[in-house]
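Trainee: Using this note's numbering, the letters of the sequence shown correspond one by one to residues 1 to 601.
One structure, pasted below without further comment.
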Amino acid sequence: MTARTFDNIRNFSIVAHIDHGKSTLADRLIQTTGALSAREMTEQVLDNMDIERERGITIKAQTVRLNYLAQDGKTYILNLMDTPGHVDFAYEVSRSLAACEGSLLVVDASQGVEAQTLANVYQAIDANHEIVPVLNKIDLPAADPDRIKEQIEEVIGIDASEAVPVSAKSGLNIEGVLEAIVTKLPPPKGDPDAPLKALLVDSWYDAYLGVVVLVRIIDGTMKKGQTIKMMGTNASYGLDRVGVFSPKMQELAQLGPGEVGFFTASIKEVADTRVGDTITDDRKPTAQALPGFKPVQPVVFCGLFPVDAAEFENLRAAMGRLRLNDASFSYEMESSAALGFGFRCGFLGLLHLEIIQERLEREFNLDLISTAPSVVYHLNLRDGSKIELHNPADMPDVMKIETIEEPWIRATILTPDEYLGSVLKLCQERRGVQIDLNYVGKRAMVVYDLPLNEVVFDFYDRLKSISKGYASFDYHISDYREGDLVKMSVLVNAEPVDALSMLVHRDRAEGRGRAMCEKLKELIPPHMFQIPVQAAIGGKIIARETIRALRKDVTAKCYGGDASRKRKLLDKQKEGKKRMRQFGKVDIPQEAFIAALKMDS
């Protein structure tokens with residue numbers, strides 16, 4: 001039994017920076033090959049979540065099978081994977097690339113190579129892909145294809161002399177892209193007679209079919225009615241249906257080597273289908289599993305709490321349902337004195353956090369408060385043990401801690417030359433360490449090591465505002481390093497507010513504490529007694545603001561007579577206020593929490 005090549009199949013993905021036209025190009029390819037009629041065609045046909053269409057971003061990688069009659073007279077099967085461009089969804093890209101042999105690298109002919117272009121194309125090169133450059137938006141007045149070709153060769157180091165010029169919006173030269181796919185990308189190899197070996201690329205939950213699993217067949221065949229086995233979980237299932245997306249679901253009798261398709265097998269939970277797992281025949285299993293993928297590690301954590309405590313059960317149910325379709329989202333229950341019961345959730349980045357929060361609010365009609373995002377710290381304790389800290393409120397006593405390590409990232413920033421000074425200053429302010437600086441045409445490419453907790457708050461927004469939107473940014477977690485970090489608590493009327501505590505670098509604690517106190521002073525309404533708002537590190541107060549008391553005019557009824565009468569009433573009021581301050585409870589309105597937590601964003 002030897003591996004054969006399947007000359008009429010091409011598996012490819014589309015990789016690019018955000019907004020360079022991946023989904024639009026996918027639309028045109030679907031339209032040109034006649035997979036959907038003109039009536040069924042919509043904008044961004046593969047982006048099926050409302051939130052994807054509104055924001056104009058791809059979140060889930062999608063797949064579609066197209067039939068194309070090439071100029072050489074043969075009909076080819078093209079399996080297309082449209083991938084996300086945003087750094088938070090890089091794991092979606094890595095899965096799609098593992099199922100393909102080649103990639104279309106889409107570059108905007110006016111903007112050129114951006115940070116995310118580099119990150120995604122390097123992932124494709126690591127996956128041993130053949131890469132076909134495509135220059136999109138060549139009908140724009142600012143397009144300069146020759147300069148961009150040079151830039152691709154200079155920065156990425158791949159030959160761009162035969163890059164295909166297209167306009168995905170107007171449909172110009174889409175045939176050229178299809179011909180390039182057929183002629184330049186390699187066909188898949190596989191052995192149809194070997195035991196079944198398939199890669200689990202993705203899975204999602206369908207209310208009618210149960211879990212739908214997307215697979216790439218490496219060897220053997222997958223037939224309806226066959227009993228399969230997941231090698232990672234050792235679970236066996238009987239196949240109910242096998243088929244492909246073209247883009248509508250289409251059932252087939254079987255899938256062979258090199259094909260990308262789906263199956264359903266009455267699987268109840270998406271958690272049972274691990275992405276990157278190897279699927280094989282239960283009776284005649286393959287000897288060796290595929291290498292698979294690293295499990296997804298959340299990098300940003302924050303608490304999500306319902307505004308109305310009665311909504312807690314609804315929030316639990318909503319999170320369970322979201323988890324069905326997004327295996328990278330993790331959560332566990334937590335409670336807070338200020339906010340009641342909620343969940344501590346892990347995300348891949350701030351955009352992922354924003355999207356999950358928006359989906360919970362829109363799809364399940366929930367009102368939510370999120371606490372300040374924090375990253376995962378590693379604490380080395382004096383007794384030699386190591387623990388992970390997700391929530392600053394859970395930090396053990398300082399005396400027990402030997403060192404605290406925080407995650408650092410390697411960031412690549414591409415920026416026009418005139419904004420370089422501001423970008424470097426921003427990175428320096430965030431405790432960055434410069435690794436490299438060189439030029440790509442007229443733009444500077446800066447590589448920095450930065451602590452992740454300085455980036456998660458508002459780094460991306462600040463970068464966009466100082467560069468007027470021209471700078472692009474990409475990062476990956478590099479390692480954990482020891483840092484001089486302290487826990488800053490916020491005290492209102494000498495009571496700590498756990499939802500507002502955070503871990504900060506010692507040098508920046510005072511500024512952060514002062515800003516938080518000033519913000520809370522504006523937000524907490526005055527009570528009948530004076531309220532101190534303090535930021536503290538351990539027992540040391542580093543910032544303080546005082547909310548003045550409301551004052552009732554107790555001397556209003558006194559007219560004329562001796563001054564000692566007024567004095568007596570004022571002293572009595574003073575005593576009462578003193579007592580109230582000892583026993584009085586400060587009501588912090590929910591809006592104050594939300595606004596205080598948004599301070600850093």
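Quick reminder that beta carbons are idealized off the backbone N, C-alpha and C, glycines included.
Compute the Euclidean distance between the alpha carbons of Leu196 and Thr221, then round it to the nearest angstrom.
Mentor: Counting from one through the sequence shown, the residue named residue 196 turns up at place 196. Counting from one through the sequence shown, the residue named residue 221 turns up at place 221. If I take the Cα positions, the gap works out to 6 Å.
Trainee: Taking the alpha-carbon positions, what's the Ala198 to Leu315 distance?
Mentor: Position 198 of the sequence shown, counted from the first residue, corresponds to residue 198. Position 315 of the sequence shown, counted from the first residue, corresponds to residue 315. Cα to Cα, the separation comes out at about 36 Å.
Trainee: Let's see if you can read the secondary structure: which residues bound the alpha helix (DSSP H) around Phe343?
Mentor: Numbered from 1 along the sequence shown, position 343 holds the residue referred to as residue 343. Careful: Phe343 lies outside any alpha helix (DSSP H), inside the beta strand (DSSP E) at 340-347.
Trainee: What whole-angstrom Cβ distance do Arg216 and Val260 have, given they're in contact under 8 Å?
Mentor: Position 216 of the sequence shown, counted from the start, is the residue given in the question as residue 216. Position 260 of the sequence shown, counted from the start, is the residue given in the question as residue 260. Yes, Arg216 and Val260 are in contact; Cβ-Cβ is about 5 Å, under 8 Å.
Trainee: Buried or exposed: where does Leu435 fall if 16 or more other Cβ atoms within 10 Å of its Cβ makes it buried?
Mentor: Locating residue 435 in the sequence shown gives position 435, counting from the first residue. Per the sequence presented here, residue 435 reads as Ile, with Leu not at that position. Exposed, by the Cβ-count rule.
Trainee: Helix or strand or just coil, what does DSSP make of Gln690?
Mentor: Lying before the first or after the last residue shown, residue 690 is absent from the chain, which here runs from 1 to 601.
Trainee: Which residue spans inside the region 429-468 form an unbroken alpha helix (DSSP H) run of at least 4?
Mentor: Entirely contained in the region 429-468, the alpha helix (DSSP H) runs reaching 4 residues are, in chain order, 452-455, 459-466.
Trainee: Name the residue from Lys149, Val15, Leu69 whose alpha carbon lies nearest to the alpha carbon of Val440.
Mentor: On the sequence shown, position 440 is the one that residue 440 refers to. Measuring from the Cα of Val440, the nearest candidate turns out to be Lys149.
Trainee: Identify whether Met1 lies in helix, strand or coil by the three-state DSSP scheme.
Mentor: Against the sequence shown, residue 1 aligns to sequence position 1. With a pLDDT of 45 at Met1, under the threshold of 50, the modelled position of this residue cannot be trusted, and the question is left open.
Trainee: Taking the straight line between their C-alpha atoms, what separation do you get for Met249 and Ile30?
Mentor: The residue you call residue 249 lines up with position 249 of the sequence shown. The residue you call residue 30 lines up with position 30 of the sequence shown. Whole-angstrom Cα-Cα distance: 15 Å.
Trainee: State yes or no: is the C-beta of Gln534 within less than 7 Å of the C-beta of Leu485?
Mentor: Locating residue 534 in the sequence shown gives position 534, where the first residue counts as 1. Locating residue 485 in the sequence shown gives position 485, where the first residue counts as 1. Not closer than 7 Å, so no.
Trainee: Pull the bridge partners of Thr227 from the DSSP assignment, please.
Mentor: As a first step, residue 227 is located in the sequence shown; it is residue number 227 there, counting from the start. The partner list for Thr227 (beta bridge, DSSP) reads Gly238.
Trainee: Please state if the CB of Gly346 and the CB of Pro396 are separated by a distance shorter than 7 Å.
Mentor: Taking the first residue of the sequence shown as position 1, residue 396 is located at position 396. Taking the first residue of the sequence shown as position 1, residue 346 is located at position 346. Cβ atoms of Pro396 and Gly346: not closer than 7 Å.
Trainee: If you draw a straight line from the C-alpha of Ile152 to the C-alpha of Ile537, how long is it?
Mentor: As a first step, residue 152 is located in the sequence shown; it is residue number 152 there, counting from the start. As a first step, residue 537 is located in the sequence shown; it is residue number 537 there, counting from the start. Using only the alpha carbons, I get a separation of about 50 Å.
Trainee: Among Pro188, Leu368, Pro165, which has the Cα closest to the Cα of Ala180?
Mentor: In the sequence shown, counting from the first residue as 1, residue 180 sits at position 180. It is Pro165.
Trainee: What does the alpha-carbon distance come out to for the pair Ile387 and Ile401?
Mentor: The residue given as residue 387 occupies position 387 in the sequence shown. The residue given as residue 401 occupies position 401 in the sequence shown. Spanning the two alpha carbons is a distance of roughly 10 Å.
Trainee: Using 8 Å as the threshold, is the region 412-421 in touch with the region 469-486, meaning 3 or more CB pairs across them?
Mentor: Output reads yes: the region 469-486 touches the region 412-421.
Trainee: Can a CB atom of chain B be found closer than 7 Å to the CB of Glu114?
Mentor: No chain B appears in the structure shown, which is made up of a single protein chain.
Trainee: According to the neighbour-count rule (16 or more other Cβ atoms, all chains shown, within 10 Å of its Cβ), is Met1 buried or exposed?
Mentor: Along the sequence shown, one-based indexing puts residue 1 at 1. Only weak support exists for where Met1 lies, its pLDDT of 45 falling under 50; the value from the coordinates is given anyway. Classification for Met1: exposed.
Trainee: What residue does the beta strand (DSSP E) around Ala535 start on, and which one ends it?
Mentor: The count along the sequence shown starts at 1 and reaches residue 535 at position 535. Unbroken beta strand (DSSP E) run through Ala535: 531-537.
Trainee: Would you check if the distance between the CB atom of Ala509 and the CB atom of Met488 is smaller than 7 Å?
Mentor: Taking the sequence shown and counting its residues from 1, the one referred to as residue 509 is at position 509. Taking the sequence shown and counting its residues from 1, the one referred to as residue 488 is at position 488. Contact flag set, yes.
Trainee: Could you give the C-beta distance for Ser467 and Val398, rounded to a whole number, given that I count them as a contact under 8 Å?
Mentor: Translated into positions along the sequence shown, residue 467 becomes position 467. Translated into positions along the sequence shown, residue 398 becomes position 398. Between Val398 and Ser467 the Cβ distance is about 40 Å, and since that is not below 8 Å, they are no contact.
Trainee: Note the first and the last residue of the continuous alpha helix (DSSP H) segment covering Lys149.
Mentor: For the purposes of this step, residue 149 is taken as residue 149 along the sequence shown, with counting starting at 1. Its alpha helix (DSSP H) spans residues 145-155.
Trainee: Are Phe6 and Gly342 closer than 7 Å when you measure CB to CB?
Mentor: Along the sequence shown, one-based indexing puts residue 6 at 6. Along the sequence shown, one-based indexing puts residue 342 at 342. No.
Trainee: Apart from the five residues on each side of it in sequence, which residues of its chain come closer than 8 Å, Cβ to Cβ, to Glu175?
Mentor: By 1-based counting over the sequence shown, the position of residue 175 is 175. So the qualifying residues of the chain are Thr32.
Trainee: Roughly how many angstroms lie between the CA atoms of Ala563 and Ala556, to the nearest whole one?
Mentor: Position 563 of the sequence shown, counting from 1, holds the residue named residue 563. Position 556 of the sequence shown, counting from 1, holds the residue named residue 556. Approximately 13 Å between the Cα atoms of the pair.
Trainee: Nearest CA to the CA of Ile14: which residue from Asn67, Gln71, Ser96, Asp193?
Mentor: Along the sequence shown, one-based indexing puts residue 14 at 14. Checking every option, the nearest Cα to that of Ile14 belongs to Ser96.
Trainee: Which partner residues does Cys302 have in the DSSP bridge list?
Mentor: Within the sequence shown, the letter at position 302 stands for residue 302. According to DSSP, which records beta bridges pairwise, Cys302 is partnered with Cys345.
Trainee: Looking only at its own chain, which residues have a Cβ that is under 6 Å from the Cβ of Leu420, when we skip the five neighbours before and after it?
Mentor: For the purposes of this step, residue 420 is taken as residue 420 along the sequence shown, with counting starting at 1. Around Leu420: Ala444.
Trainee: Could you spell out the range, first to last residue, of the beta strand (DSSP E) harbouring Asp202?
Mentor: In the sequence shown, counting from the first residue as 1, residue 202 sits at position 202. Where Asp202 is concerned, the enclosing beta strand (DSSP E) stretches over 197-206.
Trainee: Check whether the Cβ atoms of Ser246 and Gly210 lie closer than 7 Å to each other.
Mentor: One-based indexing of the sequence shown puts residue 246 at position 246. One-based indexing of the sequence shown puts residue 210 at position 210. It is not a contact, given that the beta carbons lie outside the stated cut-off.
Trainee: Taking 7 Å as the cut-off, decide whether the C-beta atoms of Lys189 and Val132 are in contact.
Mentor: The residue given as residue 189 occupies position 189 in the sequence shown. The residue given as residue 132 occupies position 132 in the sequence shown. Not in contact: Lys189 and Val132 (Cβ atoms no closer than 7 Å).
Trainee: For the putative contact between Val106 and Leu25, defined by C-beta atoms under 8 Å, what is the C-beta separation to the nearest angstrom?
Mentor: Position 106 of the sequence shown holds residue 106. Position 25 of the sequence shown holds residue 25. 6 Å between Cβ atoms; contact.
Trainee: Hey, quick one: how far does the alpha helix (DSSP H) through Val121 stretch, first residue to last?
Mentor: By one-based count along the sequence shown, residue 121 stands at place 121. Run containing Val121: 115-126, per the alpha helix (DSSP H) assignment.
Trainee: For Pro306, tell me which candidate among Ile279, Ser370, Glu358 has the shortest Cα-Cα distance.
Mentor: For the purposes of this step, residue 306 is taken as the residue at position 306 of the sequence shown. The shortest C-alpha separation from Pro306 is found at Ser370.
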